[in-house]
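Sequence lines, in order, name chains A and B. If you're matching positions, the first sequence starts at 2 in the working numbering and goes up one per residue. If you're matching positions, the second sequence starts at 2 in the working numbering and goes up one per residue.
Number of protein chains: 2
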Amino acid sequence: MTLLAATAALALAATGTLTATGARAATSEDQAAATLLKGAKFAKAKESLKGDYDRIIQDIITLTEIEAPPFKEDARGAAYMAMLKAEGLSDVERDEVGNVMGLRKGTGGGPLIVVTAHLDTVFPGGTNVKVRREGDKLYAPGIGDDTSSLPVLLAFIRAMNRAGYTTKADILFMGNVGEEGPGDLRGSRYLFQKGKYKDAIKYFISFEPGEAGRVTNAGTGSRRYKVTFKGPGGHSFGAFGLVNPAYAMANAMVDFATIQAPAQPKTTYNVGILEGGTSVNSIPFATAMTIDMRSNGKAELAAEEKQFLAMLQPAVDKENAARSTANGKITYDAQLIGDRPVGNTPESAHIVEVATAVVRQSGLEPRLGAGSTDSNIPMSLGIEAVTLGSGFETFRAHSLDEGLTMNPPQDLANMATGLATVLTLAEAR
Amino acid sequence: MTLLAATAALALAATGTLTATGARAATSEDQAAATLLKGAKFAKAKESLKGDYDRIIQDIITLTEIEAPPFKEDARGAAYMAMLKAEGLSDVERDEVGNVMGLRKGTGGGPLIVVTAHLDTVFPGGTNVKVRREGDKLYAPGIGDDTSSLPVLLAFIRAMNRAGYTTKADILFMGNVGEEGPGDLRGSRYLFQKGKYKDAIKYFISFEPGEAGRVTNAGTGSRRYKVTFKGPGGHSFGAFGLVNPAYAMANAMVDFATIQAPAQPKTTYNVGILEGGTSVNSIPFATAMTIDMRSNGKAELAAEEKQFLAMLQPAVDKENAARSTANGKITYDAQLIGDRPVGNTPESAHIVEVATAVVRQSGLEPRLGAGSTDSNIPMSLGIEAVTLGSGFETFRAHSLDEGLTMNPPQDLANMATGLATVLTLAEAR
């Protein structure tokens, strides 16, 4: 996931938009969840998870040490596909963009549920991904987000098999590509736009690291741009008086900073990276800034983007009017570098009712929230989707100090909750 | 030299400040120059230069292929010191900062004249400095500026020796370090502030590539800063609303761009390099800009610098007032990264009179101008100094495509003019 999900949950809590379900009437989903959680088969499934704990850790280490940079997930994808196959799934395959998947067939007549975790990490090729253990902690870039979720899905399959569960639904277990920033949800996008199952998928659950109480049912949308300002350049002294793209960009930033973004639905903007110029004594030929705009509201994101794009030409015009354009004018180019659709699965949707019911029946308080994950794609298409925590407590995601804490009782309780959600949704018997 | 010198000459021409000497009464310097140029010894000296042409080219190639990045001129310095020694100079030595030099003693009672070219190039270590020949052109980073001047000084010494010249003055031939940008005139600064000859030097000539008509008698001063803006950072969505150093920097740039710099003496400013931020979806912890301010007037440069520095705190304050400082305020740090003093050798100074007289008596029209070279240091101290062209026509200085054109008749005529200036100033017999 992007850093967003976890941080967004905090932010939502702070701004009071977190939906606490509080006292409420029991739903049919509550009853189904309660029945499942109390069943003898579920006790066996939990035993399976417990017995698998060390194996899960070993698989996390194995997969973490196969680097998976954005757009280069193939080696890890091949390894994970072999693991899916080893669990006895059918129709195991790799699709055109690199998603790997296999089916656990249902008894028939049920929906198709996708249960996925993403293969890619944010780290470039060549990053040292050797796992280091210190006490109850494992460290390596990418070990938490989202590598730690992949083996949990394998453990789910084994638990279902050992407990003797059948499901009405077909479940497509998957390791998908392209979730992180530059991947721009490429794997999930392909799945729903071109993949062979695209018209069959009714429910979508993506697992990201973290505990089980969080149910991400809103997809924060984002539009990201790299805006490049170009000019004739020149020597700082000899060509003084010519237009400078740095000033045009500064004009744009100053204007951008005045945008009043709505608090509800939460809408934000940011200048993230600045670059440009070649030497202190040259007027830059080009400068650039990367812009991140996000919102939980589709109309609000579109409005902010429109306002931003409309500011660029006046910022450039102002600089072209302020200095000489004898050697050329300042121009700009706004390149879209990220596009994550806004989406939402209503609280009343079956998948959200199931997920929150399982959390409640497990004795926890569900927390709904917004994130920016693979679920954004189905959410934006009106397909029911949630992002859930796969179990491990992780830290420093996206940093070289990334790690996870091994706390078996808590980790296993989280995993059991995730598994119960899948089973309840799949109408397991 | 910095790119400045050549460009400044053009700029000065364009703004009409070029001093054309026009019709004028012959000076004692004209007479001395004319006498020297007509002498039989000077004919021998020119023969020596001509016979040395291929050797000069070979020495240029040899020295170019010994890389000399800023602060890492030692290898080339050692090679050049050996060459100075081979020409029979006395007191050959390397000073504390890396300048290498040797004396050609005079007959006594005369002044001490420094004749130098700089050892350093702008190119970092590891740049491919292998010289490539195409027709009448030689290509390699640094081959022109200022490597092409170093062997010309050696040829001057040989020409003086072969022609049998004695001089009243002592001449200190030198290869100095630290002329280019980051070196910040370190070699020249040391020579005049701490070097063993510091109180004895009466005249200073630095040779840079180019033809002989240009006499740089004004030193454009510069003050350069890297200004870093720091803040608490944060996630673009989760921490939206916190102060962003990019906006503070944009405020400063917009203000900076409004400064009205005096046209006379020419005064300029520039934002040259922008940097900052780590990812599109993070509020930057830090952003930075490098600033170049230059002037041919000392008071004007000081005034511009003062105005610039006074803009920084209000720019920061504006951002701290516009957004939340709950996690920390924006602060700034302005680090001085370049300091070249403004200087000037009056047109009436003996060294300028000699240099322009030699040019005129050689049938050319002298062009006075401003530059930013090693001469800035003595000029700022009131010591007579000029920067002259050593002979070769060079192109694309400071770029990887840097090169020089071999045009023996023209190159040799330029060299002869430079040598005649040194000889006239040294009162050669």
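Beta carbons: idealized from backbone N, C-alpha and C, even for Gly.
Taking the alpha-carbon positions, what's the residue i to residue j distance?
i: F205(A); j: F396(A); result: 25 Å
i: P142(A); j: R187(A); result: 21 Å
i: I58(A); j: A46(A); result: 18 Å
i: D53(B); j: A156(B); result: 7 Å
i: P266(B); j: Y191(B); result: 28 Å
i: T346(A); j: K199(A); result: 18 Å
i: G1(A); j: A83(A); result: With chain A running from 2 to 430 in the structure shown, residue 1(A) is simply not present.
i: S391(A); j: K138(A); result: 17 Å
i: G273(A); j: G277(B); result: 8 Å
i: F257(B); j: E306(B); result: 11 Å
i: T263(B); j: T269(B); result: Correcting the residue identity first, residue 263(B) is Pro in this sequence and not Thr. Cα to Cα, the separation comes out at about 8 Å.
i: Q32(A); j: D55(A); result: 33 Å
i: E301(A); j: V343(A); result: 10 Å
i: S223(B); j: M407(B); result: 33 Å
i: D185(A); j: R77(A); result: 19 Å
i: A27(A); j: L38(A); result: 15 Å
i: G435(A); j: E94(A); result: There is no way to answer for residue 435(A), as the model of chain A reaches only from 2 to 430.
i: A414(B); j: Y333(A); result: 48 Å
i: G23(B); j: I172(B); result: Interpretation of G23(B) is limited by its pLDDT of 49, a score under 50 that renders its predicted location unreliable; no figure is taken from the coordinates.
Would you verify that the beta carbon of residue i is, or is not, closer than 8 Å to some beta carbon of chain B?
i: F193(A); result: no
i: A398(A); result: no
i: R225(A); result: yes
i: A251(A); result: yes
i: V228(A); result: no
i: N271(A); result: yes
i: A414(A); result: no
i: M254(A); result: yes
i: Y166(A); result: no
i: F238(A); result: yes
i: G278(A); result: yes
i: Y248(A); result: yes
i: I62(A); result: no
i: N245(A); result: yes
i: F208(A); result: no
i: I384(A); result: no
At least one CB of chain A closer than 8 Å to the CB of residue i: is that the case?
i: A219(B); result: no
i: L275(B); result: yes
i: G23(B); result: Per-residue confidence for G23(B) stands at a pLDDT of 49, beneath the threshold of 50, marking its modelled position as unreliable; the derived number appears in the next sentence. Cβ-Cβ to chain A under 8 Å: no for G23(B).
i: G109(B); result: no
i: S381(B); result: no
i: I67(B); result: no
i: I260(B); result: no
i: V281(B); result: yes
i: F309(B); result: no
Taking the alpha-carbon of residue i as reference, which of the options has the nearest alpha-carbon?
i: T259(B); options: K42(B), V281(B), T279(B), M312(B); result: M312(B)
i: N282(B); options: T221(B), S237(B), V272(B); result: S237(B)
i: L120(A); options: S150(A), E97(A), T128(A); result: S150(A)
i: P410(A); options: T217(A), E48(A), L243(A), D60(A); result: E48(A)
i: K330(A); options: K42(A), G383(A), R163(A), A247(A); result: A247(A)
i: N315(A); options: A34(A), A358(A), V255(A); result: Asn is not the amino acid found at residue 315(A); the sequence shown has Pro there. Residue V255(A) is the option with its Cα nearest to P315(A).
i: G441(B); options: R163(B), S29(B), D96(B); result: Because chain B here runs from 2 to 430, residue 441(B) falls outside it and cannot be looked at.
i: T326(A); options: K231(A), R430(A), V123(A); result: K231(A)
i: G404(B); options: G111(B), A253(B), R133(B); result: R133(B)
i: E68(B); options: E348(B), T229(B), V123(B), K106(B); result: V123(B)
i: F309(B); options: A323(B), S381(B), A76(B), T291(B); result: T291(B)
i: A1(B); options: N100(B), F72(B), P71(B), D92(B); result: The requested residue 1(B) is not part of the displayed model; chain B covers only 2 to 430.
i: K51(A); options: T117(A), T108(A), L426(A), R159(A); result: R159(A)
i: T117(A); options: K86(A), G145(A), L154(A), L104(A); result: L154(A)
i: S207(B); options: S349(B), Y166(B), A356(B), T374(B); result: T374(B)
i: I352(A); options: L426(A), L420(A), Y166(A); result: L426(A)
i: V317(A); options: A249(A), A304(A), N271(A); result: A249(A)
i: A304(A); options: A287(A), Q261(A), T288(A); result: Q261(A)
i: A35(B); options: F393(B), T357(B), Y166(B); result: T357(B)
Review point. Name the residues in the segment 286-301 of chain B whose C-beta lies less than 7 Å from a C-beta of chain A; which are they?
Key: Those would be T288, T291, D293, R295, in chain order.
Check your understanding: Using a Cβ cut-off of 9 Å, which residues of the segment 317-341 of chain A contact any Cβ in chain B, in chain order?
Key -> Of all residues in the segment 317-341 of chain A, the ones placed with a Cβ closer than 9 Å to any Cβ belonging to chain B are E320, A323, R324, I338, G339, in chain order.
Review point. Counting Cβ pairs closer than 8 Å, one from the segment 337-354 of chain B and one from the segment 397-405 of chain B, do we hit at least three?
Key: No contact exists between the segment 337-354 of chain B and the segment 397-405 of chain B.
Practice item. May I ask you to list, following chain order, the residues of the segment 77-90 of chain A that have a beta carbon less than 9 Å from some beta carbon of chain B? Key: Per Cβ criterion, the list is empty.
Review point. Which residues, in order along the segment 167-193 of chain B, keep a beta-carbon less than 8 Å from a beta-carbon of chain A?
Key: Under the 8 Å Cβ criterion, the segment 167-193 of chain B contributes G182.
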